[in-house]
Every structure is written in C-alpha cells, then in structure tokens.
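In my numbering, the protein residues as written are 486 to 678.
Working notes, beginning with the structure itself.
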Amino acid sequence: MLISTAVNPEVFWEMGKLLQMWLLHLSFLLSLMQVTAVSMGAVHVPQVTPGSGLPSLASLNLTSEQLYAIPVPDFGKPELKLAKRAAGCFDSNRQCTLDDAVACYNYLGTPGTQSCQVDINGGAGSWKELCRAGNCVVEGRLTNNFIVDSTACSNVAYAVSVIAYTCNPTTGHAGAGYENARNKSNIAIRMYW
C-alpha cells in the first residue's frame with residue numbers, strides 16, 4: 486500500500502491566504518500599539534522636592550510620577566468632621582492645586598520619611614520647607630522657644646490633609662492655610678502656592 490505524499494495545491498493556496506491575512510492583522514496591531522505608545526507618551530508631572538534633611542525620593546525608591554499617580558485620598562473627612570477641626574485658611578489666590586498638595590501629602594506620609602525636623606536656623610519664627618511639588622509648598626516652623634524639634638512626617642501629612650479638607654473652596658484645589666502638626670502643637674505647618 487502506497488501512501489500518497491502529494492499535497493493538494495489548493496490547500497497550499499488556502500494556507501497562504503490565511504497566513505497573508507494573519508500577517509496583515511499582526512501588522513495592523515503592531516502599528517496600533519506604536520501609535521498608542523506615542524500618543525500616551527510620558528506625562529510630565531512637576532518635580533517633588535523633599536525639604537533639607539529629609540530622605541530623597543530615590544532613597545525611598547519613589548519618583549515624582551509615582552507620587553502624582555496615587556489616587557486622591559479622602560483626607561480623613563469623616564474623622565475631621567467629627568473633630569470639627571478648622572485650619573486657618575489663606576486667601577484663595579494662594580491655593581495649591583489638588584494634585585500638587587496630594588503629591589506632598591503622599592511623600593510626607595510615606596513610610597521612611599520618619600522625622601520632619603524644624604529648627605530656627607533661619608532665625609526665630611522662620612519657616613523650613615518640608616516638601617515642594619509644582620508650585621505647592623509645605624513648610625513648618627516652631628511656635629515656642631525651642632531651638633529644634635521634630636515630629637513624624639505623617640503628622641505633617643495629617644496637617645496637610647486638614648488644610649486640604651477645610652480650605653478648599655474650589656474643585657481641583659486643595660486650598661492654602663496653616664495647622665499644627667498632629668500631636669505636636671509647637672510645630673506649625675503651612676501649605677500655600
């Protein structure tokens with residue numbers, strides 16, 4: 486019994502047409518992926534700059550892009566409503582954008598930014614920058630006669646959340662104002678543009 490090794494030319498023709506169609510689809514998908522990658526591109530976000538003496542973003546394995554990508558927190562609204570806290574608010578022309586304020590909030594609340602130190606190196610009553618994101622600045626200063634004091638940076642982040650919750654008159658802005666660091670009434674925190 487002989488087995489025929491001849492292949493029907495029509496089968497080759499059909500397989501060739503299928504391969505040609507598959508390559509056409511693949512080419513289309515690759516070009517679509519290329520266009521999407523170009524159109525999505527890198528979104529520019531402002532640089533988040535830690536204050537003097539605080540850990541760099543690199544040392545925390547963070548980037549500005551990551552800090553801006555974290556969703557906007559609710560800033561503890563239920564807790565703040567119960568506490569009836571109210572930060573001192575600045576004029577609306579000094580408001581931080583919500584994105585910039587959240588980037589500083591995220592940096593200051595990151596584990597590893599353990600201690601935010603405030604001192605009088607700039608003179609009594611001088612403000613020390615703790616975080617800058619875009620045009621938003623978070624600063625701290627001593628409100629007593631100490632030469633230096635510190636608090637957990639998460640306490641500073643909490644003050645940022647109080648300011649953002651109570652001083653945000655418009656959507657898209659986190660407001661501007663001042664509040665004491667949580668659990669540290671001798672350290673005032675202000676956030677402004």
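Glycine residues also receive a C-beta, built at the ideal position from the N, C-alpha and C atoms.
Kindly indicate which residue of Pro556, Asp585, Gly594, Leu627 has the alpha-carbon position closest to the one of Asp604. With distances taken between Cα atoms, Asp604 lies closest to Leu627.
Leaving out five residues before and five after Leu542 in sequence, what residues of the same chain have Cβ atoms less than 8 Å from its Cβ? Shown here for Leu542: same chain residues with a beta carbon closer than 8 Å to its own, the five before and five after excluded, namely Val533, Pro535, Thr548, Ser549, Leu552, Tyr592 in chain order.
Status (buried if at least 16 other CB within 10 Å, exposed otherwise) for Ile674: So Ile674 counts as buried.
Taking the beta carbon of Ile672 as the centre, do at least 16 other beta carbons fall within 10 Å, making it buried, or is it exposed? Flag for Ile672 reads buried.
Note down, in chain order, each residue of its chain lying with its Cβ closer than 7 Å to the Cβ of Ser611, except the 5 sequence neighbours on either side. So the list reads Ile605, Arg626, once near-sequence residues are dropped.
Should Ala659 go down as buried or exposed, given a rule of 16 or more other Cβ atoms within 10 Å for buried? Buried, because 16 or more other Cβ atoms sit within 10 Å of the Cβ of Ala659.
Would you call Asn629 buried or exposed, if buried means 16 or more other Cβ atoms sit within 10 Å of its Cβ? So Asn629 ends up on the exposed side.
Rank Arg667, Tyr677, Gly573 by C-alpha distance to the C-alpha of Ser639 and give the top, closest one. The candidate whose alpha carbon is nearest that of Ser639 is Arg667.
Note down, in chain order, each residue of its chain lying with its Cβ closer than 7 Å to the Cβ of Val520, except the 5 sequence neighbours on either side. In this prediction, Val520 has a pLDDT of 37, which is less than 50 and means its spatial position is unreliable; what the coordinates show is noted afterwards. Taken in chain order, the list of residues that qualify is empty.
Cβ-based burial, Asn665 [other Cβ within 10 Å; buried from 16]: Taking a 10 Å sphere around the C-beta of Asn665, we find 16 or more other C-beta atoms and assign the residue as buried.
DSSP state of Trp507 mapped onto helix, strand, coil: The predicted model places Trp507 with a pLDDT of 43, which falls under 50 and marks its position as unreliable; any figure quoted below should be read in that light. Reduced to three states, the DSSP call for Trp507 is helix.
Quick one: give me the first and last residue of the beta strand (DSSP E) that Ala637 is part of. In the DSSP assignment, Ala637 falls within the beta strand (DSSP E) that extends over 633-637.
By alpha-carbon positions, which one of Tyr677, Asp585, Ala637 ends up nearest to Val557? Looking at the Cα atoms, Asp585 is the closest of the given residues.
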